[in-house]
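Number of protein chains: 2
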Amino acid sequence: MSSKNKPRNAFYAQSGGVTAVINASAAGLIETARANKGGIGRVYAGRDGIIGALTEDLIDTSKEPIRNIRKLRHTPSGAFGSCRYKLKSLEENRREYERLMAVFSAHDIGYFFYNGGGDSADTCLKISQLSKQLGFPIQAIHIPKTVDNDLPVTDNCPGFGSVAKYIAVSTREASFDVASMCRTSTRVFVLEVMGRHAGWIAAAGGLAADADTDLPILILFPEVPFNRRRFMAAVKRKVREYGYVSVVVSEGVRDREGKFLSDQGLVDAFGHAQLGGVAPVIANMIKEDLGFKYHWGVADYMQRAARHIASKTDVEQAWALGEAAVNLALAGRNAVMPTIRRVSNKPYRWKIGAAPLGRVANVEKMMPANFISKDGFGITARCRTYLEPLILGEDYPPYRNGMPDYVRLRNMPVKKKLATGFKV
Amino acid sequence: MSSKNKPRNAFYAQSGGVTAVINASAAGLIETARANKGGIGRVYAGRDGIIGALTEDLIDTSKEPIRNIRKLRHTPSGAFGSCRYKLKSLEENRREYERLMAVFSAHDIGYFFYNGGGDSADTCLKISQLSKQLGFPIQAIHIPKTVDNDLPVTDNCPGFGSVAKYIAVSTREASFDVASMCRTSTRVFVLEVMGRHAGWIAAAGGLAADADTDLPILILFPEVPFNRRRFMAAVKRKVREYGYVSVVVSEGVRDREGKFLSDQGLVDAFGHAQLGGVAPVIANMIKEDLGFKYHWGVADYMQRAARHIASKTDVEQAWALGEAAVNLALAGRNAVMPTIRRVSNKPYRWKIGAAPLGRVANVEKMMPANFISKDGFGITARCRTYLEPLILGEDYPPYRNGMPDYVRLRNMPVKKKLATGFKV
């Protein structure tokens, strides 16, 4: 346990799919903790996320020069490693939780910062509750992160704004390209984007067009069951009017039976199943039904790693939430998540708030129905009002020899203290 | 015909696949022509490329405010429209050439500027020759443009440097992403890039790693027949050493029988043929042979339209070649293409040169064998020395409300003068 003279250490881990700005949250957190050494001792990061805690594979961030920590603000991905590893419930795997407590106790960790999505908010809550039961109280604070933008309470989730900007910009650029070619060549461009359950990222494709730049964009949301006949009619109308069309399709689009469109039972010449994306499926359907020449792209990891075109708003919010997590800890808060509170739309103003984890864990924020246009293929003015501020501003990384200068940390290990290992 | 007092007009057309910087060449050309009104009259652009000339569908660029012309420098795509339309040989379709001459004569066009790749260099040469034969001499000047970088004589082709930068940056960013996830999730990222015949764009993926940033990258070139066993051994080695690997695969990769790898005879559940890309094919093979979890992306039009991350060197060269085309015309040159001449590598210095079209037309510049590493999966130091200068510098477009402010021209038509139409 901590004494008044020696502040307890903090544990920080990145969880789930990484983003262009999760390291900005890490920077905000570590820089703020270093500025408050009277309140927080060292910040230990989990190597590869929570797995680093389970295996006592901790990184001593205090060994990292401050200039490297500052560079995290403009470096995409997870600097300490992340993982897809969901802790089971306490009943199912009490052993894991006890191991976490043993590691935290051995390293005098009094603060648990978990940077992730809905699952990690739930883990965070459990750790707070369990540590109290076990008589080793830990302040557990969740820092929101997810390109899927599906956490409740907060105005938006860091990571999303930058993906939105990337998709909006790429869709505009590709639409300009198709517009140039449509007289004799490509008439349809299909772009596949992330978002298995919620159409937030697909919606960002709608920002490619605006009052100054009229472009024909059709969006296929996971929220709207795919209707081939209605979609083809919409494609035909756009091509008749503009000569071309861009289609932004969510990876999570399903047919009326709830089956993913990407799951077309493709087999190669040898009868082996092939896992394809949904973009080629849509493109092929259009070719089959309407005969239009097409191109298709799949943005995949490029979209969430694209720090080179990150939203300045997103970067600032990500950093501020890392900072806020430390401030909440220093204020004695527990089982809480710092949030973004929208104060006004135009100009966009926001403040940091806080939400109890009980309100966050296991709640998925879906696209409101009134964000999707009546025909199901576009965004409404209300959706635009929500989205537009999130892509505001550019925050370019520094370049060296034509390439972005992203940092890689030394990630020096903390000496192990436990005699026992742990198999994940 | 022109008198000494009234300079003859110019025709400008964009040809083939558009790029992030072909409009920069248009800007260089139109701005320079406007500054030399004593030598060149109006610049008429072909709507949708050469089709605009055949159908007498000309755009009067003199009606466009100069601020819009200047904005072309930062606007991707083809502002006047492009087309995939190759003129047949004179013997096969004399009618087309005669029509062009009729249109050019009617509008007193004495300068033919054609902005494209190898095919358009050939067309340009023919127009120069034929116009002489027909007693209506036209100075025909070709401005190089192609993301494929396959034109001879010139150091590189405008459009390529920006695609190269996009691919290098995206590969670096995605590699950072996979590195974060590889402990429990994705180990292989596959990125499909353009380049059906030559591996220049795929080679740019090699720039993702450099002396400061060591990353495991494997490249599949169209020049190297795909050998599944050797490739899998290389993937396995990289994953063993780094924990993950990024694969940059050219759309034009073929097997030893010369068959495109993307042409896998895929059929859907109903037996319909499906046209897929090569990225999912490679990814599925890796899963099948090695069991690694993968992600794959297809950069498609995003790569060549990505003006937001254009190479400054590329933009400057594209503009300078448009300017040089006018200067060559004013100097009385004919059947010529302005080129980039590399003066030094470090620092990169270049000058404008000129090549007779006879040396350019129908010559494809392939990757030199000594640009590909011995194992066939990487680039050599020599290749790096060639490529690195081409991605130097950033040249960001202006943004408005978080989105790049790309211009769309008014494209006012020139009044038709011919009684006859033309069916393309």
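These protein sequence lines are chains E and X, in that order.
Numbering of the first sequence is given in this note's numbering, commencing with residue 1 and proceeding in unit increments.
Numbering of the second sequence is given in this note's numbering, commencing with residue 425 and proceeding in unit increments.
Even glycine gets a Cβ: it sits at the ideal position worked out from N, Cα and C.
Review point. Which residues in the same chain as threonine 123(E) place their Cβ atom closer than 6 Å to its Cβ, once the five residues preceding and following it in sequence are excluded?
Key: Position 123 of the first sequence, counted from the start, is the residue given in the question as residue 123(E). Excluding positions up to five away in sequence, the list reads Leu87.
Check your understanding: Along chain X, in chain order, which residues have C-beta atoms closer than 9 Å to that of glycine 78(E)?
Key -> Walking along the first sequence from the start, residue 78(E) turns up at place 78. Those are Phe600, Asp601, Ala603, Ser604 and Met605, listed as they occur along chain X.
Check your understanding: Is glutamate 522(X) helix, strand or coil when you go by DSSP?
Key -> Here residue 522(X) refers to the residue found at position 98 of the second sequence. Glutamate 522(X) falls in the helix class under three-state DSSP.
Check your understanding: Does the beta carbon of glycine 46(E) come closer than 8 Å to any beta carbon on chain X?
Key -> As a working mapping, residue 46(E) is identified with position 46 in the first sequence. Taking Cβ atoms only, chain X never reaches closer than 8 Å to glycine 46(E), which makes this a no.
Review point. Can glycine 447(E) and lysine 312(E) be called in contact, C-beta distance under 8 Å?
Key: Residue 447(E) lies beyond the residue range present for chain E, which begins at 1 and ends at 424; the question has no answer from this structure.
Check your understanding: For glycine 277(E) and chain X, any beta-carbon pair shorter than 8 Å?
Key -> Walking along the first sequence from the start, residue 277(E) turns up at place 277. Yes, glycine 277(E) lies at the interface with chain X (some Cβ there is under 8 Å from its Cβ).
Exercise for review: Could you give the DSSP three-state label for serine 2(E): helix, strand or coil?
Suggested key: Locating residue 2(E) in the first sequence gives position 2, where the first residue counts as 1. Low confidence applies to serine 2(E): its pLDDT is 44, below 50, so where it sits in the model is not reliable enough to give any reading.
Review point. Identify the residues that DSSP records as bridge partners of arginine 142(E): which are they?
Key: Taking the first residue of the first sequence as 1, we reach residue 142(E) at position 142. Checking the sequence shown, residue 142(E) turns out to be histidine, not arginine. DSSP lists Tyr114(E) as partners of histidine 142(E).
Review point. Comparing alpha-carbon positions, which option in Ala633(X), Gly463(X) and Pro500(X) lies nearest isoleucine 533(X)?
Key: Here residue 533(X) refers to the residue found at position 109 when the second sequence is read from its first residue. Comparing Cα positions, the closest option is Gly463(X).
Review point. When DSSP labels each residue in this structure, what does asparagine 9(E) get in the three-state scheme?
Key: Taking the first sequence and counting its residues from 1, one reaches residue 9(E) at position 9. Reduced to three states, the DSSP call for asparagine 9(E) is strand.
Point to revise | Secondary structure of alanine 310(E), DSSP reduced to three states | key: Within the first sequence, the letter at position 310 stands for residue 310(E). Coil at alanine 310(E), not helix or strand.
**Study point:** valine 224(E), buried or exposed, once every other Cβ within 10 Å from all chains shown has been counted against 16
**Key:** The residue given as residue 224(E) occupies position 224 in the first sequence. Buried is the call here.
Check your understanding: If you run the structure through DSSP and keep just helix, strand and coil, what is threonine 804(X)?
Key -> Mapped onto the second sequence, residue 804(X) falls at position 380. Threonine 804(X) falls in the coil class under three-state DSSP.
Check your understanding: Between histidine 719(X) and chain E, is there a C-beta pair that is closer than 8 Å?
Key -> Reading the second sequence from its first residue, position 295 is the one you call residue 719(X). Answer yes: the Cβ-Cβ gap between histidine 719(X) and chain E drops below 8 Å somewhere.
**Study point:** Contact the stretch 815–832 of chain X vs the stretch 492–508 of chain X: 3+ CB pairs below 8 Å
**Key:** yes
Point to revise | Contacts that threonine 184(E) makes with chain X (C-beta to C-beta distance below 9 Å) | key: Mapped onto the first sequence, residue 184(E) falls at position 184. Those within 9 Å of threonine 184(E) in chain X are Asp472, Gly473, Ile475, Ser506, Cys507, Arg508, Tyr509 and Val848.
Review point. What's the gap between the Cα of valine 442(X) and the Cα of glycine 332(E)?
Key: Taking the second sequence and counting its residues from 1, the one referred to as residue 442(X) is at position 18. Taking the first sequence and counting its residues from 1, the one referred to as residue 332(E) is at position 332. Taking the straight line from one Cα to the other gives about 58 Å.
Review point. Looking at the C-beta of tyrosine 666(X), does it have a partner C-beta in chain E at a distance below 8 Å?
Key: In the second sequence, the residue the question calls residue 666(X) occupies position 242. For tyrosine 666(X), the answer is no, since every Cβ of chain E falls outside 8 Å of its Cβ.
Check your understanding: So, is the C-beta of alanine 306(E) closer than 8 Å to a C-beta in chain X?
Key -> As a position in the first sequence, residue 306(E) is number 306, starting the count at 1. Cβ-Cβ to chain X under 8 Å: yes for alanine 306(E).
Check your understanding: To which residues of the same chain is leucine 54(E) closer than 8 Å at the C-beta, ignoring the five residues directly before and after it?
Key -> Mapped onto the first sequence, residue 54(E) falls at position 54. Around leucine 54(E): Glu96, Arg99, Leu100, Val103, Phe422 and Val424.
Exercise for review: Would you mind sorting tyrosine 291(E) into buried or exposed? The rule is 16 or more other CB atoms within 10 Å of its CB.
Suggested key: Taking the first residue of the first sequence as 1, we reach residue 291(E) at position 291. Per the sequence presented here, residue 291(E) reads as glycine, with tyrosine not at that position. Result: exposed.
Check your understanding: Along chain E, in chain order, which residues have C-beta atoms closer than 8 Å to that of serine 449(X)?
Key -> As a first step, residue 449(X) must be located in the second sequence, where it is residue number 25. Within 8 Å Cβ-Cβ: nothing; serine 449(X) doesn't reach chain E, min ~14 Å.
**Study point:** Which of helix, strand or coil DSSP assigns to valine 21(E)
**Key:** Here residue 21(E) refers to the residue found at position 21 when the first sequence is read from its first residue. The answer is coil: DSSP assigns valine 21(E) none of H, G, I, E or B.
Practice item. Using only alpha-carbon positions, find the residue among Ser162(E), Arg384(E) and Ala208(E) that is nearest to tyrosine 308(E). Key: What you label residue 308(E) is simply residue 308 of the first sequence in a count that begins at 1. Going by the sequence as given, residue 308(E) is histidine instead of tyrosine. The shortest Cα separation from histidine 308(E) among Ser162(E), Arg384(E) and Ala208(E) belongs to Ser162(E).
Check your understanding: For the 8 Å Cβ check, are there 3 or more pairs between the stretch 669–686 of chain X and the stretch 596–616 of chain X?
Key -> yes
Exercise for review: Can you say whether arginine 432(X) is buried or exposed, counting buried as having 16 or more other CB atoms within 10 angstroms of its CB?
Suggested key: As a first step, residue 432(X) is located in the second sequence; it is residue number 8 there, counting from the start. Buried is the call here.
Check your understanding: Near arginine 728(X), which residues of its chain fall below 6 Å by C-beta distance, leaving aside the five closest residues on each side in sequence?
Key -> Here residue 728(X) is taken as the residue at index 304 of the second sequence, counted from 1. If we look at arginine 728(X) and ignore the five residues flanking it on each side, its Cβ neighbours are Thr443, Val571 and Val587.
Check your understanding: Distance, Cα to Cα, tryptophan 296(E) vs asparagine 149(E)?
Key -> What you label residue 296(E) is simply residue 296 of the first sequence in a count that begins at 1. What you label residue 149(E) is simply residue 149 of the first sequence in a count that begins at 1. Approximately 25 Å, taken between the alpha carbons.
Exercise for review: Please go through the same chain and pick out, in chain order, the residues whose beta-carbon is closer than 6 Å to the beta-carbon of alanine 24(E), but skip the five residues on each side of it.
Suggested key: Your numbering for residue 24(E) matches position 24 in the first sequence. Closer than 6 Å at the Cβ level, and outside the excluded window around alanine 24(E), lie Arg73, Val315, Ala318 and Trp319.
Review point. For glutamate 852(X), which residues from the same chain have a beta carbon less than 6 Å from its beta carbon, with the 5 sequence-adjacent residues on both sides left out?
Key: The structure shown has nothing for residue 852(X), since chain X only spans 425 to 848.
**Study point:** Span of the alpha helix (DSSP H), counted from its first residue to its last, around isoleucine 464(X)
**Key:** The sequence position of residue 464(X) within the second sequence is 40, counting from 1. That residue, isoleucine 464(X), is in no alpha helix (DSSP H); it is neither H nor E in DSSP.
Check your understanding: Do the stretch 45–52 of chain E and the stretch 597–609 of chain X meet, that is, are 3 or more Cβ pairs less than 8 Å apart?
Key -> yes
Check your understanding: How do the stretch 801–809 of chain X and the stretch 633–645 of chain X stand: do at least 3 beta-carbon pairs fall below 8 Å, yes or no?
Key -> yes
Practice item. Indicate the three-state DSSP secondary structure (helix, strand or coil) for arginine 832(X) in the structure shown. Key: As a first step, residue 832(X) is located in the second sequence; it is residue number 408 there, counting from the start. Three-state result, arginine 832(X): coil.
Review point. With a Cβ-Cβ cutoff of 8 Å, do asparagine 517(X) and serine 439(X) count as a contact?
Key: Within the second sequence, the letter at position 93 stands for residue 517(X). Within the second sequence, the letter at position 15 stands for residue 439(X). The answer is no: Cβ separation not under 8 Å.
Review point. Excluding five sequence neighbours on each side, which residues of the same chain lie with their C-beta closer than 7 Å to the C-beta of asparagine 429(X)?
Key: One-based indexing of the second sequence puts residue 429(X) at position 5. Excluding positions up to five away in sequence, the list is empty.
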